[in-house]
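Trainee: Have a look at this one before I ask anything.
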Amino acid sequence: MVKADQISQQTLDRVQEQIGFYGKSPEVEELIQTIATVAPTDLSVLLTGESGTGKEIIAKAIHQLSHRNDNSIISVNCGAIPEGILESELFGHEKGSFTGAVGQKKGYFEAADKGTIFLDEIGEMPLNTQVKLLRVLETSEFMRVGGTTSHKVDVRIIAATNKDLDYAVQNNDFRRDLYYRLKAIKIEIPPLRKRRNDIPLLVKKFADSYTTTNNIPFKGFSPESIEVLRDYNWPGNVRELRNFVETAIILNKGDVVHSDYVRSALNMEKSTPAENLPVPLNKTPEQAERELIYRTLIALKLDLSEIKETLHALINGQVQMNEQPEYDNNWIGNTSSQEVKPQSLNAMERELIKDTLNKYEGNRRKTARALQISERTLYRKINEYGLS
Ligand SMILES: Nc1ncnc2c1ncn2[C@@H]1O[C@H](COP(=O)(O)OP(=O)(O)OP(=O)(O)O)[C@@H](O)[C@H]1O
Ligand SMILES: [Mg+2]
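Here the working numbering is used: the first residue of the sequence shown is 1, the next is one more, and so on.
Pasting the structure below:
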């Protein structure tokens, strides 16, 4: 995280109101300081953080607080655009450069000239497109697909990812040179569970804004209910909290939201951390270990790459499983009774994807979200592993 010179509390509050990114924890205040310092420059920025932590809102804030705010910010989700057309979407193409290229077309970079481009899910960008992006970063020049001349462009680049790019670089899924270039200014947005003191304020802001916009009389959350909200892990981070608050207001018909409701809505009577699950008696240690990893992934919605790292560490003996893991039998469809043999990471990944697809009844969108990979990556892996 870049360190910023201190700005006054007053300025901090003003900036927060202006950009609508709330929180009073030291982590958020430092984040706002950094944004306020970096925004007026033309430096490219890499935003990292789990899903729902506010990467998009911060990208827009940086643009809004910059001298480019009279021009547009163009958001491109690199994980949602099919690999084959991403390059032409970004850089445009010349007539006849590929089948279907009936005319010349400008890309997002040209459209964002004098403004900002927000490259969301940058970790999903194919390697050959990464080369071209690096070129724009270094020379401010690009070539349209099928073109022969370079074009100058004046665009600030903000990129975001919820992937561990260090790991992607090690795996040769992300170019080291591009990563070093991007991470010069890296802003990490901490997950909500690491700044629980922000929860009461966020609940209030979301409740106020929702009830005012929809003109709903609302009696508020009880103090105990706020304590329960503080205890929850929020795998979907602030997005999940916001949705929760809005749903709670509707389902309680504007009446006080009590802790009983919150506990049951968040499944907190039943839900237990993966390490403390109910007793299993009929599993081998290998099965138990494998299921613990799966379960942790599903429960915490960790990035697949993090799990892979853990698996690597387990395989290499760097991490010991101290306790016999405990779990119930029915959390996931088909892992129960077969004998477990050591498996390759790919085999485990295949099984995990299959199980998650089953869990979401084949819904690829939900599956991709739960696994925190893009839908495109999921499609690719479904094909790769013959799961369709
Ligand atoms: N600190 C915050 N204050 C107010 N609203 C917030 C804050 N953080 C996130 N939000 C809200 O949470 C939601 C999710 O934020 P956003 O889309 O920016 O997350 P993200 O990190 O881009 O997630 P993803 O990786 O899934 O794309 C939005 O409704 C946003 O307004
Ligand atoms: Mg986003």
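All C-beta atoms in this analysis are idealised placements derived from N, C-alpha and C, irrespective of residue type, glycine included.
By the 10 Å Cβ neighbour count, where 16 or more other Cβ atoms means buried, how is S336 classified, buried or exposed?
Mentor: Here residue 336 refers to the residue found at position 336 of the sequence shown. Per-residue confidence for S336 stands at a pLDDT of 36, beneath the threshold of 50, marking its modelled position as unreliable; the derived number appears in the next sentence. S336 is exposed by the Cβ-count criterion.
Trainee: Between which two residues does the beta strand (DSSP E) harbouring T41 extend?
Mentor: For the purposes of this step, residue 41 is taken as residue 41 along the sequence shown, with counting starting at 1. Taken as a continuous stretch (DSSP letters only), T41 belongs to no beta strand (DSSP E), as it is neither H nor E.
Trainee: Any heavy atom of ligand 1 closer than 6 Å to the Cβ of N162?
Mentor: As a first step, residue 162 is located in the sequence shown; it is residue number 162 there, counting from the start. N162 Cβ: within cutoff of ligand 1.
Trainee: From I58 to L165, what distance separates their C-alpha atoms?
Mentor: As a first step, residue 58 is located in the sequence shown; it is residue number 58 there, counting from the start. As a first step, residue 165 is located in the sequence shown; it is residue number 165 there, counting from the start. One C-alpha to the other measures close to 19 Å.
Trainee: Does the region 122-132 touch the region 75-85, meaning 3 or more C-beta pairs lie closer than 8 Å?
Mentor: Judged by Cβ distances under 8 Å, the region 75-85 makes contact with the region 122-132, as three or more pairs qualify.
Trainee: Pick from K204, K132, G52 and N172: whose alpha carbon is nearest that of A160?
Mentor: Locating residue 160 in the sequence shown gives position 160, counting from the first residue. Comparing Cα positions, the closest option is G52.
Trainee: Figure out for me which residue from V228, T48 and A111 has the closest Cα to the Cα of E269.
Mentor: Position 269 of the sequence shown, counting from 1, holds the residue named residue 269. Ranking the options by Cα distance to E269, first place goes to V228.
Trainee: How should G20 be labelled, buried or exposed, when 16 other C-beta atoms within 10 angstroms of its C-beta is the threshold for buried?
Mentor: Counting from 1 along the sequence shown, the entry for residue 20 is found at position 20. So G20 counts as exposed.
Trainee: If you check the beta carbons only, do K354 and Y360 fall under 7 Å apart?
Mentor: Within the sequence shown, residue 354 is the residue found at index 354, counting from 1. Within the sequence shown, residue 360 is the residue found at index 360, counting from 1. Their beta carbons are not under 7 Å apart, which means K354 does not touch Y360 by this criterion.
Trainee: How many Å lie between N233 and L192 at the Cα?
Mentor: Counting from 1 along the sequence shown, the entry for residue 233 is found at position 233. Counting from 1 along the sequence shown, the entry for residue 192 is found at position 192. N233 and L192: Cα-Cα distance of roughly 8 Å.
Trainee: Shortest alpha-carbon distance to K105 belongs to which of D231, R175 and L90?
Mentor: If you number the sequence shown from 1, residue 105 lands on position 105. Comparing Cα positions, the closest option is L90.
Trainee: Examine ligand 1 and report whether any of its heavy atoms sits within less than 6 Å of the Cβ of I117.
Mentor: Position 117 of the sequence shown, counted from the first residue, corresponds to residue 117. I117 Cβ: outside cutoff for every heavy atom of ligand 1.
Trainee: Flag this pair as yes or no: are the beta carbons of H258 and S209 separated by less than 7 Å?
Mentor: Locating residue 258 in the sequence shown gives position 258, counting from the first residue. Locating residue 209 in the sequence shown gives position 209, counting from the first residue. No, the Cβ-Cβ distance between H258 and S209 is not below 7 Å.
Trainee: With DSSP collapsed to three states, give me the class of H93.
Mentor: For the purposes of this step, residue 93 is taken as residue 93 along the sequence shown, with counting starting at 1. Looking at H93 - three-state DSSP - the assignment turns out to be strand.
Trainee: Use the C-beta contact count for Q372: other C-beta atoms within 10 angstroms, 16 or more gives buried, fewer gives exposed.
Mentor: Locating residue 372 in the sequence shown gives position 372, counting from the first residue. It is buried - the Cβ of Q372 has at least 16 other Cβ atoms within 10 Å.
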